[in-house]
Every structure is written in C-alpha cells, then in structure tokens.
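In the working numbering, the protein residues as written are 6 to 364.
Here a beta-carbon is modelled for each residue, glycine too, at the ideal position from N, C-alpha and C.
As the structure is a prediction and not an experimental result, all values here were calculated from the model.
These notes are about the structure you will find just below.
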C-alpha cells in the first residue's frame, strides 16, 4: 500500500478524486475536511483526526482500528466492510451514521447519542455502549456478544435476530423499541422500563422481568419458559400465541391484555390483574388463576386440563362461552354473573367453521 502525504491528500480531496489503497498511517489529519470523499482500502491506523470531518464520506474496506474519533465529525458517514475495532467515538451525537459488514469489536461508544443510524451485519462484540441514548437506530443481523448496554436508553430502536444473551443490560430502559426474533434468554431486566416495546418471537426463557414496565407492549410469539414476571406491569399488552411454561406471573398487571391462542403450562397466575383480558382459544396445562381478577375477561373457547384451577378468582361478567374446563376447575371461583355458553352463537360458529373447512 502506497503512503500518501498530507499535501497529496489535500489535492485529491479538492479535486473530488477517490483515495484508493493509500496508507494514511500516523498522519496529522487534524481539521482535514473529508466531507463527501470516497476512501477505498485505505489504512488510517495511528492517524490523528481531531477536528477532521468525515461527514457524508464513504469508506470501504478501510482500517480505522483503535482510532480516536471523538473529535471527528461523522454525520451521514458510511463505513462498509471497515475495521473499527477498538475505535473511540466519544460522548457526543452521531447522526445518520451507516455501518455495514464492519468490525466494531470493543469499540467505545459510551455516552454517545446515535440517531437515525443503520448498523447492518456488523460485529459489535464487546462494544462499550453504556449510557448511550439511541433514537431510531436500526441494527440488523449484528453480533453483540459481551456488549455492554448498561444504563442505555433506546427510543424507537430496532434489533433483528440478535443474540443478546451475553450482553450487560443492567439499567437499560427503552421506549417504543423493537426486538424481533432476538435471544434474551437468562437476561436480567427486573424493574426495567420498557413501555410500548415489542419483543416479538423473542426467547425470554429464564429471564427476569419481575417488576418491569411492559405496558402496551407486544410479546407475540414470545418464548417465556421459566420466566420471572412477578409484579410485571403490562396492561394492554399483546401475548398472542405466546408460549409460557412454568412462568411466574403472580401479582402481575395484565389488565385488558390479549393472550389469544397462547399456550400455558404450569403457569402461576395467582393474584394477577386480568380484568377485561382476552384468552380466546388459549390452552392451559396446570394454569393456576387462584384469586385472579378476571372481571369482564373473555375466556371463550379456552381449553384447560384437569390441573387448571380458578379457586377464588373473580369471574364477574366474564365470558365463558364454549370454555372447555373440567367442572372442578371453577370450584371456589366467583361465577354467579359470568356469561355461560350461548347456544345459538355456538351453532353459528360451528357452521362458519364447517363452511371454512368445506367451501
């Protein structure tokens, strides 16, 4: 790789020429304006970039490992297949920064405020992301093994198919963020503030969500095996087709939540707030609804096995239309004003199903 001098570099930049396979190692690039420049397969290790501007620059297969970028303007810069391992980004805003297929292992972004960024197929293993404040940052197919998110705040962030099992999420909070198909098994999110967040098709097995705020959240298709959800605050939350096994929901608030077609086995729901919740076509093996508040809840077509229990539960005005439960399941429950099976509706549903199966 041919070295380049500062004068030659400035000439190429003024002419708008791409900088291809040149070594900028050790150069003093303080204050240099790379705005809109194209750097291809360049080596910038050891260069000083204080006060430099890489705004709207495009860097492809460049080596910036270990660089101090804290004083460098990076708005709208694009890094593709670059080595940014160990780079220090500083405690400042990072606007519309695009990173694709790049190495950010051990990169230091502590205190940074990335916004409107896209990070795709990049490796952020061991990255320091503590106290960062994200806004509309999308991460797709990125690696986060051992990354530190402690104290981070994520607003409308997106994580797609990320394995976050080894990340430090202590003190993390989020608003309206999305985790799609992510692995969060075993994570400690106790007491976390996550209102209006989506954790769709995520694995939260053995995770601790006790006391967390997931109000108006989305747990559609989530795997919740042995998950601690005691005293969870999650009214108006979607649990459609969620898979709960040996989950502890004691004292949780799931008021007006939707658990249609959810599968529950050995789930402890004692004392939960389930008023106006929706359980249509959910299946239960040994679910314990003891003393739960199920006023005005819809349990239509709910199926429960012989170990399903509702003792002491308040089912006032609850819908028990076509509910499939053994007689003893409702022993001790308050069902005096519950709505039983509506025969004409059941006949209409059966006819509709037959027509659907045999058009």
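* **Cross-strand partners of residue 246 (DSSP beta bridge)** => As a working note, residue 246 is residue 241 in the chain shown. For residue 246, DSSP assigns no beta-bridge partner whatsoever.
* Proximity winner among 58, 236, 291, 251, relative to residue 279 (alpha-carbon distances) -> Within the chain shown, residue 279 is the residue found at index 274, counting from 1. For residue 279, the nearest C-alpha among the options comes from 236.
* To do: Rounded to whole angstroms, what's the CA-CA distance from residue 96 to residue 117? Just pull it up for me.
  => As a first step, residue 96 is located in the chain shown; it is residue number 91 there, counting from the start. As a first step, residue 117 is located in the chain shown; it is residue number 112 there, counting from the start. Here the C-alpha atom of residue 96 lies approximately 4 Å from the C-alpha atom of residue 117.
* Asked: Measuring CA to CA, which of 241, 231, 119 is closest to residue 250?
  -> One-based indexing of the chain shown puts residue 250 at position 245. 231 is the residue among 241, 231, 119 whose C-alpha sits nearest the C-alpha of residue 250.
* Which residues in the same chain as residue 184 place their Cβ atom closer than 6 Å to its Cβ, once the five residues preceding and following it in sequence are excluded? -> Start at 1 with the first residue of the chain shown, and residue 184 comes out as number 179. Spatial neighbours of residue 184 in its own chain (CB-CB distance under 6 Å, excluding positions within 5 residues in sequence) are listed in chain order as 164, 204, 207.
* Tell me whether residue 15 sits in a helix, a strand or coil according to DSSP, three-state version. => Taking the first residue of the chain shown as position 1, residue 15 is located at position 10. The answer is helix: DSSP assigns residue 15 an H, G or I state.
* **7 Å CB neighbourhood of residue 256 in its chain, flanking five on each side removed** => For this step, residue 256 is matched to residue 251 along the chain shown. 235, 236, 276, 277.
* **Neighbour-count burial assignment, residue 33, 16 or more Cβ in a 10 Å radius** => In the chain shown, the residue the question calls residue 33 occupies position 28. With fewer than 16 other Cβ atoms within 10 Å, it is exposed.
* Asked: Closest to residue 23 by CA distance: which of 37, 181, 63 is it?
  -> For the purposes of this step, residue 23 is taken as residue 18 along the chain shown, with counting starting at 1. With distances taken between Cα atoms, residue 23 lies closest to 63.
* Asked: Rounded to the nearest angstrom, how far is the Cβ of residue 253 from that of residue 273, given a contact under 8 Å?
  -> By one-based count along the chain shown, residue 253 stands at place 248. By one-based count along the chain shown, residue 273 stands at place 268. Correct: roughly 5 Å between the Cβ atoms.
* Asked: Can you tell me whether residue 11 is buried or exposed, with buried defined as 16 or more other CB within 10 angstroms of its CB?
  -> To locate residue 11, count along the chain shown from 1; it is residue 6. Here residue 11 is exposed. Its C-beta has fewer than 16 other C-beta atoms within 10 Å.
* Please classify residue 329: is it buried, with 16 or more other beta-carbons within 10 angstroms of its beta-carbon, or exposed? => Numbered from 1 along the chain shown, position 324 holds the residue referred to as residue 329. Under this definition residue 329 is an exposed residue.
* To do: Tell me whether residue 56 is buried or exposed, calling it buried when 16 or more other Cβ atoms sit within 10 Å of its Cβ.
  => Within the chain shown, numbered from 1, the residue matching residue 56 stands at position 51. Exposed, because fewer than 16 other Cβ atoms sit within 10 Å of the Cβ of residue 56.
* Between the C-alpha atoms of residue 320 and residue 172, what's the straight-line distance to the nearest angstrom? -> Stepping through the chain shown from its first residue, residue 320 is reached at position 315. Stepping through the chain shown from its first residue, residue 172 is reached at position 167. Near 42 Å, if we compare the C-alpha coordinates of residue 172 and residue 320.
* Rounded C-alpha distance that separates residue 110 from residue 124 -> If you number the chain shown from 1, residue 110 lands on position 105. If you number the chain shown from 1, residue 124 lands on position 119. Spanning the two alpha carbons is a distance of roughly 13 Å.
* Determine the DSSP secondary structure at residue 179, reduced to helix, strand or coil. => Counted from its first residue, the chain shown places residue 179 at position 174. In the three-state reduction of the DSSP assignment, residue 179 falls in the strand class, which pools E and B.
* To do: Can you give me the start and stop residues for the beta strand (DSSP E) that residue 268 sits inside?
  => Locating residue 268 in the chain shown gives position 263, counting from the first residue. It spans 268-270 - the beta strand (DSSP E) in which residue 268 sits, taken as one unbroken run.
* Report the three-state DSSP secondary structure of residue 261 (helix, strand or coil). => Counting from 1 along the chain shown, the entry for residue 261 is found at position 256. Residue 261 carries a coil assignment under DSSP once its states are collapsed to helix, strand and coil.
* Exposed or buried, residue 304, counting other C-beta atoms within 10 Å across all chains shown (16 or more means buried)? -> By 1-based counting over the chain shown, the position of residue 304 is 299. By the neighbour-count criterion, in which 16 or more other beta carbons inside 10 Å mark a residue as buried, residue 304 falls on the buried side.
* Which stretch, first to last residue, makes up the beta strand (DSSP E) that contains residue 205? -> Stepping through the chain shown from its first residue, residue 205 is reached at position 200. That run of the beta strand (DSSP E) goes 203-205.
* **residue 138, DSSP secondary structure in three states** => For this step, residue 138 is matched to residue 133 along the chain shown. Here residue 138 sits in strand by DSSP.
* Asked: Which term fits residue 19, buried or exposed, when burial requires 16 or more other beta carbons within 10 angstroms of its beta carbon?
  -> For this step, residue 19 is matched to residue 14 along the chain shown. Exposed.
* Backbone secondary structure at residue 167 - three-state DSSP -> As a working note, residue 167 is residue 162 in the chain shown. Three-state DSSP puts residue 167 in coil, outside helix and strand.
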